Amino acid sequence: MSCASAGEISVQSLTVRYPDRKKPALDAVSERIRAGETVVVTGPSGSGKTTLFRVLAGFVPSMIRAKVKGDILIDGVSIFLEDSPLSAADVGLVQQDPDAQICTLNVWEEVAFGPENLCLAPEEVIARVEESLAFLGISHLSDRETIHLSGGEKQRVAIASILALRPQVILLDEPTANLDPLAARGVFDLLRRLKDEEGRTLIVAEHRLAPLLPLHPRLVLLEDGSVTKRQAAVQRADLDRLGLRAGWEIPHASVARQGTPALVLDNVSFGYDGARLLDHLSLQVWPGEILGVIGPNGSGKTTLLRLVAGLERPSSGRVVQTKTMTPGYVFQQPHQQIFERSVRLELALDGTMDCGKLASVLSRARLEGFEEAPPLSLSQGEQRRLTVTTTLSRAPDLLLLDEPFIGQDRRNVEWLVSQLLASRERGAVTLLVSHDVPLVGALCDRLLYLGEEALEGEASAVFGRLEKSGREAFTPGFWEGDPA
Amino acid sequence: MMAPRVRGEREALLRQTHPLANLLLLTGFLVAVLASPGLAVRLGALVLIILLALLSGESARSFLRKGRFVISFSLLLFVAQVLFVTDGRVIVHSLVTLTDRGLVLGAQMALRFLVIVSSSLLFVGVTAPDRLARAIMGLGVPYRFGSVFVLALRFVPFFREEYRTIREAQHMRGLDRPIRNLRALRRSIRYTLLPVLTAGFVRADSIAISMKGRGFGLYPKRTITRRERWHLIDLVPLGLFASLLGVTLLARRWTWP
């Protein structure tokens, strides 16, 4: 699978300013990326990673309005020239959410979409589609409807659809953010093959850096729109030195699991369309306990939360709350639980707050200054912090969280963890679904793994059994260490 | 190199046929039910739709399940006509008056509704939207319009899922209170529409970026790799289309019952 030219990138004093923001999203960024190089761009939420990718891919300012100063040259040609010979075939962008990228109804059509737009001959289109599908190992999905694919399969289709364009430069914006650890591992393996076998220029935005170490990437750290650190051939020790470790140490006292449990699942089964998601699951959770739920996409983690919340009824078995509990549910997509016109009104939905309290609540959630802002205009990370704040403001006894850490940088995760620990102190029962295995392992009193079989117990015991059974992508070691 | 698969070899009758042939067949049913004067053609059309559904891989149970609303509504139409049309020869005169005209009008209206909705359901159920879009573009319709059609279909399950989750989120937050006045109704609409529309706009933006990033609109034309071709089996829906037109004309000429 060859591409036309080299793929050397030169970013020259690039400044990008969005019309509605005071500070520039990117501030005089200069970077030179050699052809065939692998660069990992990391940094806190809002540091400018996505903006950099969108400029490189040619979407800013042509589709997304912004003032741009400076230049970007790809193989010596400016991407901002009106009659630039560069096209979609030169730079390909894989977005964070594959659902937001897929625009057709069938896998074959999706991968053919780009080559067909380039007016290639039908034989060439067929050849590229078949090659891309084979490279990603998804030829068997060729005739499937895109809507019925799992998250990991969708991300592979999204990458295949970019590969079929044979771009010299591939940009991947947090390509594993929405994937379960197993699917994420598949993407990391794929990146390694793209580097080793194809020699493409790869630029990857990622928070989870350890699994990328085998690619020996160059690290670029963006903070507040500027490059603050660079590190060639980054290694595990560099991550520690730069404060970019994936590991967590969260000291907390253990919960006494005595007396009556607050929540009991008794032989619960649930399924739909002929598929059984939960099969005779029995579980007890005590007051003040945080139960982490991990497992592959589609294994029933969200369904478990929905059953506990009473949004679904089990096909057999019982879900029992031994005392009346006020539930609080943080959904996976924050926009789905935001209803008001301003942040202040949104918080007022759960009880009025005086100005002083409102300011302090917003400040703790790093949302200061957004009181009158329309909540849906906030970034996804900010929206998620708002939904956590509104949910916790009702002091729920039963807290259900579905992937609350997606899109949050370390500082925001620390805030969220402090909120969960405070709820725990109050005796709330928490069920936490997350793909962030190291964090779940460090934070939760017990783990429930849902997959081919359900495993439940202390974190170390569950991780040990997963490692023994070859599912090490679901253990912290894979995400914290330097996997070969 | 494997050639692109256009039709499923083991697929049932109308799932294999050309989407435009299916579209013509749907037109045939609509013409028959709207232009034929009596009951016979409509009843025949309904029987034919049920047969075609069964031949196209629908089990009788699933067809009944999908058509539950249609059947109940048709029955309601029938009962309403029978109860409220009092012209014609009286058949029963007791608590209610039933006339022969009421029965015929009720049956006609119920059958018309049943045939229109069930033929449309059959068409939607057996015709893959991407194939229909390709067939329409094959007629020379600009690819941008064809893509809009595919994209619109791509958004249907998205909006359905968003709506469901947003209603659940309202429930979890205690915002799904009973609507007792206009203000509450307005608030309920706003709380539902605002997040659904926002999600739609955000998704549309991302997909537009994804499409442009893959060269959509770069050239006035684009390659169509998978073309829908006509096959002998397409004679089945085409023949049925012609028969439905013929029978409707005959029924109009000789005023069948």
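Just so you know, the protein sequences line up as chains C and S, in that order. The C-terminal position of the first sequence is numbered 471 in the working numbering, with every residue numbered one higher than the one before it. The C-terminal position of the second sequence is numbered 352 in the working numbering, with every residue numbered one higher than the one before it. All residues carry an ideal CB built from backbone N, CA and C; glycine is no exception. Just so we're clear, the structure is a prediction, and the values are computed from it rather than from any experiment.
Check                                                                                                                                                                            : Outcome
How about S/A294 and C/H322: do their beta carbons lie closer than 8 Å?                                                                                                          : yes
Have a look at S/R281 and C/V272 and give me their C-alpha separation to the nearest angstrom.                                                                                   : 40 Å
Cβ atoms of C/G315 and C/L387: under 8 Å apart, would you say?                                                                                                                   : yes
Enumerated in chain order, which unbroken segments of the alpha helix (DSSP H) with a length of 4 residues or greater are wholly contained in the stretch 223 to 287 of chain S? : 224 to 233 and 238 to 267
Among the residues of its own chain, which have a CB less than 6 Å from the CB of C/G438, if the five just before and after it don't count?                                      : G282, P283 and S286
Which bits of chain C does S/D360 rub up against, with CB to CB less than 8 Å?                                                                                                   : A question about residue 360 of chain S goes unanswered here, because the residues of chain S that appear run from 96 up to 352.
Determine the chain C residues that contact S/F311 at a beta-carbon separation under 9 Å, and present them in chain order.                                                       : A75, C90, F100, G101 and N104
Does chain S have any CB closer than 8 Å to the CB of C/L181?                                                                                                                    : no
Would S/G233 count as contacting chain C if we go by Cβ distances under 8 Å?                                                                                                     : no
Between which two residues does the alpha helix (DSSP H) containing S/I79 stretch?                                                                                               : No statement about residue 79 of chain S is possible, as the shown extent of chain S runs from 96 to 352 and does not include it.
In chain order, what residues of the stretch 436 to 449 of chain C put their CB closer than 7 Å to some CB of chain D?                                                           : In the structure shown, chain D cannot be found, because the protein chains are C and S.
Is C/T91 near the ligand SAH, going by C-beta to nearest heavy atom under 7 Å?                                                                                                   : The ligand SAH is absent from the structure shown, which contains no ligands of any kind.
With a threshold of 6 Å on Cβ separation, who are the neighbours of C/T163 within its own chain once the five nearest residues in sequence on each side are excluded?            : A171 and V174
Determine, using beta carbons only, whether C/Y5 comes closer than 8 Å to chain S.                                                                                               : no
Got a sec: is the Cβ-Cβ distance from S/I261 to anything in chain C below 8 Å?                                                                                                   : yes
Leaving out the 5 sequence neighbours to the left and right, which residues in its chain are closer than 6 Å to C/A(-9) when beta-carbon positions are compared?                 : Only weak support exists for where C/A(-9) lies, its pLDDT of 46 falling under 50; the value from the coordinates is given anyway. For C/A(-9), where only same-chain residues beyond five positions count, there are no Cβ hits under 6 Å.
May I ask which residues mark the beginning and end of the alpha helix (DSSP H) holding C/R293?                                                                                  : K288 to A296
What would DSSP say about S/F168, mapped onto helix, strand or coil?                                                                                                             : helix
Output, in chain order, the set of chain S residues within a Cβ distance shorter than 8 Å of C/M50.                                                                              : A303, I304 and K307
Provide the residue(s) that pair with C/S256 in DSSP beta bridges, ordered along the chain.                                                                                      : C/S303
Assuming contact is defined by CB atoms lying nearer than 8 Å, are S/G123 and S/F336 in contact in what I supplied?                                                              : yes
Going by DSSP in three states, C/I66 sits in which element: helix, strand or coil?                                                                                               : coil
From S/A175, S/I319, S/L345 and S/S157, pick the residue whose C-alpha is nearest to that of C/P109; which is it?                                                                : S/I319
In the DSSP output, what is C/Q(-1) paired with across the bridge?                                                                                                               : C/D58
Tell me, please, whether the CB atom of S/E323 is closer than 8 Å to any CB atom in chain C?                                                                                     : no
Closer than 8 Å, CB to CB, is C/S148 near chain S or not?                                                                                                                        : yes
Which residues bound the beta strand (DSSP E) around S/L333?                                                                                                                     : Taken as a continuous stretch (DSSP letters only), S/L333 belongs to no beta strand (DSSP E), being part of the alpha helix (DSSP H) at L330 to W349.
Quick check on this structure: which residue in C/A240, C/H203 and C/V242 has the alpha carbon closest to the alpha carbon of C/A224?                                            : C/H203
Apart from the five residues on each side of it in sequence, which residues of its chain come closer than 8 Å, Cβ to Cβ, to S/L344?                                              : none
With distances taken from CA atoms, which of C/R180, C/V420, C/S364 and C/S65 is nearest C/E(-5)?                                                                                : C/S65
What is the DSSP secondary structure of C/A415, counted as helix, strand or coil?                                                                                                : coil
List, in order along the chain, the chain C residues whose C-beta lies closer than 9 Å to that of S/L289?                                                                        : I325, F326, E327, R328 and L363
From what residue to what residue does the alpha helix (DSSP H) around C/G343 run?                                                                                               : C342 to R351
Evaluate S/S157 with the Cβ neighbour count: other Cβ atoms within 10 Å of its Cβ, from every protein chain shown; 16 or more gives buried, anything less gives exposed.         : exposed
Starting from the Cα of S/H266, find the closest Cα among C/S421, C/G464, C/L407 and C/L298 and give me that residue.                                                            : C/L298
I need the straight-line Cα distance from C/L136 to C/W466, nearest angstrom please.                                                                                             : 25 Å
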